[in-house]
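Q:
In UniProt numbering, the protein residues as written are 1 to 239.
Encoded structure:
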């Protein structure tokens, strides 16, 4: 294992203060990026999407729960799968009802949506002991329209606003992780934002903690090399 340099306290403080300058620059850059995100134009949603949840069939408008904003976590669960994506499952384990409560205090509802039939979602939810607000988009084009069910049959697939090579030998469609945000104005619904791949990592708290530690996330792509063995060897990495 390649450990950090060992030094005295004063030398550490000097290096830490230098890093703080860069951290403050990053914070201001993030604030500016968030402003650009809020300034994005929006697109009206007119497709009559239908979802199935614990209380039966509902519309996209129903998912808002009376709030002005809606956030959707796109969870990878293909209709043919018997188990959901393990990475998505790990992220959901970090979710707490307090997150949803806080969002609601800002007039924002939060739900999770997967393409598998609701019977599979309900069975998995019970098996895990989850209380998440989880809906099935089975039978609708919702997942494809919002970029999380993608065609992997050709030489490239369209994902995360770009064309990437498909996995060797892949056929048909594949489920991908993502996030979408919507705004309701009177009786109209608008799509304001979607993000995919590594953008979804912010919805679990563990990476935020691990990024502040000496060993980091313990991924193969992290620098410096040799700091820790990967605990996720063989899992595809998206950027």
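All C-beta atoms in this analysis are idealised placements derived from N, C-alpha and C, irrespective of residue type, glycine included.
1. How about residue 74 and residue 111: do their beta carbons lie closer than 8 Å?
2. At the level of alpha carbons, what is the spacing between residue 33 and residue 142?
3. With residue 91 as the anchor, note down where its alpha helix (DSSP H) starts and where it stops.
4. Answer with buried or exposed for residue 180, where buried requires no fewer than 16 other C-beta atoms within 10 angstroms of its C-beta.
5. Nearest to residue 60 by CA position, among 51, 123 and 66, is which residue?
6. Let me know if residue 20 comes out buried or exposed under the rule of 16 or more other beta-carbons within 10 Å of its beta-carbon.
7. Use the C-beta contact count for residue 185: other C-beta atoms within 10 angstroms, 16 or more gives buried, fewer gives exposed.
8. When you compare the stretch 94-111 with the stretch 192-201, are there three or more beta-carbon pairs, one atom per stretch, that lie closer than 8 Å?
9. To the nearest angstrom, how far is it from the Cα of residue 172 to the Cα of residue 220?
10. Have a look at residue 167 and residue 11 and give me their C-alpha separation to the nearest angstrom.
11. When you compare each of 214, 223 and 222 to residue 4 by their alpha carbons, which one comes out closest?
12. Considering only their Cβ atoms, is the gap separating residue 200 from residue 177 smaller than 8 Å?
13. Would you kindly work out how many angstroms separate the C-alpha atoms of residue 148 and residue 100, rounded to a whole number?
14. Please classify residue 134 as buried or exposed, where buried requires at least 16 neighbouring CB atoms within 10 angstroms.
15. With residue 183 and residue 42 assumed to form a contact (beta carbons below 8 Å), what rounded beta-carbon distance in angstroms separates them?
16. How far does the beta strand (DSSP E) with residue 112 in it extend, from its first residue to its last?
17. Between 139, 121, 86 and 66, which has its C-alpha nearest residue 104's C-alpha?
18. Just the C-alpha distance for residue 121 and residue 136, rounded to the nearest angstrom, thanks.
A: The answer reads as follows:
1. Residue mapping note: residue 74 aligns to position 74 of the chain shown, counting from 1. Residue mapping note: residue 111 aligns to position 111 of the chain shown, counting from 1. No, Cβ-Cβ distance for residue 74 and residue 111 is not below 8 Å.
2. Your numbering for residue 33 matches position 33 in the chain shown. Your numbering for residue 142 matches position 142 in the chain shown. Roughly 27 Å separates the two Cα atoms.
3. As a working note, residue 91 is residue 91 in the chain shown. Unbroken alpha helix (DSSP H) run through residue 91: 86-93.
4. To locate residue 180, count along the chain shown from 1; it is residue 180. With 16 or more Cβ atoms within 10 Å of its Cβ, residue 180 is classed as buried.
5. Along the chain shown, one-based indexing puts residue 60 at 60. Of the residues 51, 123 and 66, the one whose Cα lies closest to the Cα of residue 60 is 51.
6. Position 20 of the chain shown, counted from the start, is the residue given in the question as residue 20. Under this definition residue 20 is an exposed residue.
7. Position 185 of the chain shown holds residue 185. Exposed: under 16 other Cβ atoms inside 10 Å.
8. no
9. Residue mapping note: residue 172 aligns to position 172 of the chain shown, counting from 1. Residue mapping note: residue 220 aligns to position 220 of the chain shown, counting from 1. Taking the straight line from one Cα to the other gives about 29 Å.
10. Along the chain shown, one-based indexing puts residue 167 at 167. Along the chain shown, one-based indexing puts residue 11 at 11. So the two alpha carbons sit approximately 47 Å from each other.
11. One-based indexing of the chain shown puts residue 4 at position 4. Closest option to residue 4, Cα to Cα, is 214.
12. What you label residue 177 is simply residue 177 of the chain shown in a count that begins at 1. What you label residue 200 is simply residue 200 of the chain shown in a count that begins at 1. Yes, the Cβ-Cβ distance between residue 177 and residue 200 is below 8 Å.
13. Along the chain shown, read from residue 1 onward, the residue named residue 148 stands at position 148. Along the chain shown, read from residue 1 onward, the residue named residue 100 stands at position 100. Here the C-alpha atom of residue 148 lies approximately 23 Å from the C-alpha atom of residue 100.
14. Working through the chain shown from its first residue, we reach residue 134 at position 134. With 16 or more Cβ atoms within 10 Å of its Cβ, residue 134 is classed as buried.
15. The count along the chain shown starts at 1 and reaches residue 183 at position 183. The count along the chain shown starts at 1 and reaches residue 42 at position 42. At roughly 6 Å, the Cβ-Cβ gap stays under 8 Å, so residue 183 and residue 42 are in contact.
16. What you label residue 112 is simply residue 112 of the chain shown in a count that begins at 1. Under the DSSP assignment, residue 112 falls in the beta strand (DSSP E) whose first and last residues are 108-114.
17. Indexing the chain shown from 1 puts residue 104 at position 104. The option with the nearest alpha carbon to residue 104 is 66.
18. Position 121 of the chain shown, counted from the first residue, corresponds to residue 121. Position 136 of the chain shown, counted from the first residue, corresponds to residue 136. Answer to the nearest angstrom: the Cα atoms are 7 Å apart.
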